[in-house]
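Engineer:
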Amino acid sequence: MNIFDFLYKKIINWSRMPNADRYLFALSFSESSFFPIPPDVMLIPMCLANRSKIWYLAGITTISSVLGGVLGYLLGYLVFDLIEAWLINSDYWSSYETARLWFDKWGLFAVLLAGFSPIPYKIFTIAAGITGVNIFGFILFSILGRGARFFLIAALIYMGGDAFKHIIEKYINILGWFIVVIVLIFFLFL
Numbered sequence: 002m003n004i005f006d007f008l009y010k011k012i013i014n015w016s017r018m019p020n021a022d023r024y025l026f027a028l029s030f031s032e033s034s035f036f037p038i039p040p041d042v043m044l045i046p047m048c049l050a051n052r053s054k055i056w057y058l059a060g061i062t063t064i065s066s067v068l069g070g071v072l073g074y075l076l077g078y079l080v081f082d083l084i085e086a087w088l089i090n091s092d093y094w095s096s097y098e099t100a101r102l103w104f105d106k107w108g109l110f111a112v113l114l115a116g117f118s119p120i121p122y123k124i125f126t127i128a129a130g131i132t133g134v135n136i137f138g139f140i141l142f143s144i145l146g147r148g149a150r151f152f153l154i155a156a157l158i159y160m161g162g163d164a165f166k167h168i169i170e171k172y173i174n175i176l177g178w179f180i181v182v183i184v185l186i187f188f189l190f191l
């Protein structure tokens with residue numbers, strides 16, 4: 002058994018638990034401000050396991066991700082001096098510098114792009130707070146970016162139905178390693 006197959010089956014089992022939506026909320030919230038694992042890894046299997054709750058799950062993921070983004074914003078705005086040393090010594094420093102450049106160049110549209118893309122959203126939430134961009138604009142663009150991402154995932158699963166589930170289950174290991182490689186390439190070139 003490969004790691005991605007094991008994780009996929011584990012998350013499918015977790016998604017059937019009574020408190021699964023709370024775990025999805027917690028993961029989505031924490032990923033937007035400090036946790037490294039994106040909520041997609043839980044959202045996709047949960048949607049596949051219970052397609053009748055797809056839109057509800059995408060909504061939970063969006064709302065909790067934006068709330069976590071507000072926490073990230075506040076961390077950047079209020080306590081950057083305390084986390085700056087950690088950030089410099091972490092793998093996120095270059096991403097943070099990129100985020101600062103994006104804010105200088107595109108303003109709030111950087112939040113929209115980061116919310117939708119595989120770029121670590123948490124870096125942009127913290128950078129938004131540091132740069133002091135308008136909090137209401139930040140929240141609006143976060144809702145649009147994160148909502149577009151998570152509802153697109155839900156729509157693809159809804160439209161793909163059992164065929165999509167079969168493809169995921171058949172190729173989960175290949176897909177998992179492919180995504181790892183893409184993310185690594187992205188960070189190397191970023």
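By this note's numbering, the letter at position 76 of the sequence shown is numbered 77, and the numbering carries on one by one without gaps.
Heads up, the beta-carbon is just placed ideally off N, CA and C, and yes, glycines get one too.
Note that the structure is a prediction, hence the values are computed from the model and not measured.
(1) Once the 5 residues before and after residue 146 are set aside, which same chain residues still bring their CB inside 6 Å of it?
(2) In whole angstroms, give me the CA-to-CA distance for residue 143 and residue 122.
(3) Figure out for me which residue from 52, 38 and 185 has the closest Cα to the Cα of residue 155.
(4) Taking DSSP as the reference, what is the three-state secondary structure of residue 35?
(5) What first and last residue would you give for the alpha helix (DSSP H) that runs through residue 40?
(6) What separation, rounded to the nearest whole angstrom, lies between the Cα atoms of residue 120 and residue 19?
(7) Which residue comes first and which comes last in the alpha helix (DSSP H) that contains residue 123?
(8) If you count every other CB in all the chains shown that lies within 10 Å of the CB of residue 9, and 16 or more means buried, which is it?
(9) Using CA coordinates, which residue listed in 175, 153, 124 and 110 is at the minimum distance from residue 138?
(10) Give a yes or no on whether the C-beta atoms belonging to residue 101 and residue 132 are separated by under 8 Å.
(11) Taking 8 Å as the cut-off, decide whether the C-beta atoms of residue 140 and residue 49 are in contact.
Structural biologist: Short version:
(1) The residue given as residue 146 occupies position 145 in the sequence shown. So the qualifying residues of the chain are 113, 116 and 117.
(2) Here residue 143 corresponds to residue number 142 of the sequence shown, with the count starting at 1. Here residue 122 corresponds to residue number 121 of the sequence shown, with the count starting at 1. Looking at the two C-alpha atoms, the distance is approximately 9 Å.
(3) As a position in the sequence shown, residue 155 is number 154, starting the count at 1. If we check each option's Cα against that of residue 155, 52 comes out closest.
(4) Taking the sequence shown and counting its residues from 1, the one referred to as residue 35 is at position 34. In the three-state DSSP reduction, residue 35 falls in the coil class, being neither helix nor strand.
(5) For the purposes of this step, residue 40 is taken as residue 39 along the sequence shown, with counting starting at 1. Per DSSP, residue 40 belongs to no alpha helix (DSSP H) and is neither H nor E.
(6) On the sequence shown, position 119 is the one that residue 120 refers to. On the sequence shown, position 18 is the one that residue 19 refers to. Counting only the Cα atoms, residue 19 lies some 31 Å from residue 120.
(7) Working through the sequence shown from its first residue, we reach residue 123 at position 122. Judged by DSSP secondary structure, residue 123 falls within the alpha helix (DSSP H) whose first and last residues are 122-132.
(8) Locating residue 9 in the sequence shown gives position 8, where the first residue counts as 1. Classification of residue 9: buried, given that the 10 Å Cβ count is 16 or more.
(9) To locate residue 138, count along the sequence shown from 1; it is residue 137. Here the closest residue by C-alpha is 110.
(10) By 1-based counting over the sequence shown, the position of residue 101 is 100. By 1-based counting over the sequence shown, the position of residue 132 is 131. The Cβ atoms of residue 101 and residue 132 sit closer than 8 Å to each other.
(11) Position 139 of the sequence shown holds residue 140. Position 48 of the sequence shown holds residue 49. Annotated as distal: residue 140 and residue 49, with beta-carbon spacing of 8 Å or more.
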